[in-house]
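Report on the structure given below.
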Amino acid sequence: MSIFQRKTVTFDAVDPLGDGLGDDIAAERREADAITSLEDNDPADLAAFWGGVVDDAKKDQDWFDFSNE
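Just so we're aligned, residue 828 is where the sequence shown starts under the numbering used here, counting upward by one.
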């Protein structure tokens, strides 16, 4: 008897959140400083924050920039 008698192959459905990722996401969403909506944030505040992040990154000795052409 051959195991290949069936003409179709089926696979079990995969749950991407089945390994506990769903619980981790839910816990992150319950945190006090969780981002719930970008509309709640002032664009100027976001620009200032990320500008500070970039400035800190530029202080890294391994920093390089391709835009200085």
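Where a beta carbon is used, it is the ideal one built from N, C-alpha and C, also for glycine.
{"Item": "Beta-carbon separation (whole angstroms), Trp877 vs Ala884, contact threshold 8 Å", "Value": "Not confirmed; about 10 Å, so no contact."}
{"Item": "DSSP-derived helix/strand/coil call for Ala859", "Value": "coil"}
{"Item": "Separation of Glu855 from Ala861, as counted between CA atoms", "Value": "7 Å"}
{"Item": "Start and end residues, alpha helix (DSSP H) containing Trp900", "Value": "Outside the displayed range of the chain (828 to 896) lies residue 900, so it cannot be described from this structure."}
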